[in-house]
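According to the working numbering, the sequence shown is numbered sequentially starting from 7. The C-beta atom is built at its ideal place from N, Cα and C for all residues, glycine as well. Note that the structure is a prediction, hence the values are computed from the model and not measured. Reviewing the structure listed below.
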Amino acid sequence: RITYRMMFSGSVKPAPPGFRIVDYVFTKRGSQVTVQPTAPMRLCPQIVRDLATPFISKDGRFVIAHDDSNAPRPPSLKIFEITATNPAEQTTTCRQVMDFGFPAGKADFSFDGSRVTFHLATFDYIAAFVDGGLRSPIMTDVVVADLVRNNGQITGYSKLTRVTQTTTQGTGSYFPAFFPDGSLFYISSAVPKTDSAPKRFSFTVTRVPVTSSSTSAGPQR
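Below, the structure is given as structure tokens:
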């Protein structure tokens with residue numbers, strides 16, 4: 007028996023968030039495989055806006071999301087643990103395990119759970135990226151953070167590694183994600199959206215060494 011957890015964006019009515027998770031139980035008896043899904047369950051009551059763009063870890067246990075719901079406190083990137091599910095009531099129970107303390111865009115967990123990647127943006131972290139590129143003065147860059155764990159629990163991050171360095175307004179790299187072997191890929195735009203020149207987008211695959219030069223940061227809860 008194997009359980010797969012899928013997260014998706016559902017209805018945003020009557021109010022966000024529309025994100026749900028469903029657990030699919032695959033059971034094999036002899037040569038027959040049956041699949042039994044749970045009812046869709048609302049994701050983490052602490053995540054209150056779809057624009058938070060949550061992403062789930064590969065083991066289905068953690069969710070990383072940009073949280074801007076605590077005004078007037080500044081928005082920040084946070085990690086939550088899914089501690090319980092209740093298909094009958096279509097709810098989940100979560101707890102916040104880490105607060106990065108700064109805003110960031112789309113994030114992804116590595117397959118071994120040791121790292122997360124996301125992009126940082128100047129001026130506007132929520133922007134229409136691929137729709138013609140970025141508007142000046144927005145710039146975006148890809149960053150990797152090494153997670154600190156204690157008995158499997160995420161307790162903070164040890165360092166940040168900058169993968170890209172953007173210097174031209176209206177350009178940048180964003181939407182990073184991990185491959186199973188630990189390498190990273192992301193998309194980049196080289197021409198500002200307001201520029202009359204033809205727009206150029208590229209995909210990059212790279213490996214970020216664990217021993218690369220990084221900025222230290224203490225664990226945060």
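Exposed unless 16 or more other CB atoms sit within 10 angstroms - verdict on residue i
i      : result
VAL3   : No information on residue 3 is available, as it lies outside the stretch 7 to 227 that the chain covers here.
VAL41  : exposed
PRO186 : exposed
ILE8   : exposed
ALA110 : buried
GLY36  : exposed
PHE209 : exposed
TYR163 : buried
PRO81  : buried
SER194 : buried
THR200 : exposed
VAL31  : exposed
THR89  : exposed
VAL214 : buried
Pairwise C-alpha distance: residue j and residue i
i      : j      : result
THR250 : PHE115 : Any question about residue 250 goes unanswered here, given that the chain covers just 7 to 227.
PHE191 : LYS112 : 13 Å
ASP130 : ARG206 : 21 Å
PHE184 : PHE124 : 10 Å
THR172 : ALA151 : 18 Å
ARG101 : GLN175 : 38 Å
MET12  : VAL28  : 5 Å
PHE106 : THR128 : 17 Å
SER15  : ALA71  : 13 Å
PRO43  : ALA94  : 12 Å
TYR180 : SER120 : 20 Å
VAL39  : SER142 : 53 Å
Cβ-Cβ separation, residue j to residue i (assumed contact under 8 Å), whole Å
i      : j      : result
ASP74  : ILE53  : Not really, about 11 Å apart at Cβ, beyond 8 Å.
CYS50  : THR98  : 6 Å
THR177 : LEU140 : 6 Å
LYS64  : PHE117 : 5 Å
GLN159 : VAL216 : Incorrect: roughly 21 Å between the Cβ atoms, too far for contact.
PHE61  : ILE85  : The pair is not a contact, with the Cβ atoms about 10 Å apart (cut-off 8 Å).
VAL148 : PRO198 : About 18 Å; that fails the 8 Å criterion.
LEU126 : THR146 : 7 Å
THR161 : ARG168 : Not really, about 23 Å apart at Cβ, beyond 8 Å.
Start and end residues, beta strand (DSSP E) containing residue i
i      : result
GLU87  : 82-92
PHE32  : 25-35
ARG11  : 8-15
ALA151 : 146-156
GLY188 : Careful: GLY188 lies outside any beta strand (DSSP E) and carries neither H nor E.
SER179 : 178-184
PRO215 : Neither: PRO215 is in no beta strand (DSSP E) and is coded neither H nor E.
PRO43  : 38-43
LYS165 : 159-168
Where residue i sits in the DSSP three-state scheme
i      : result
PHE61  : strand
LEU140 : coil
ILE70  : strand
THR49  : The question names Thr, but residue 49 in the sequence shown is Leu. Three-state result, LEU49: coil.
PHE209 : strand
PRO109 : coil
GLY119 : coil
GLN96  : coil
VAL54  : coil
ALA127 : strand
GLN175 : coil
VAL103 : strand
SER202 : coil
Residue-level contact to chain B via CB, residue i, 9 Å cutoff
i      : result
VAL154 : The structure shown contains no chain B; it is built from a single protein chain.
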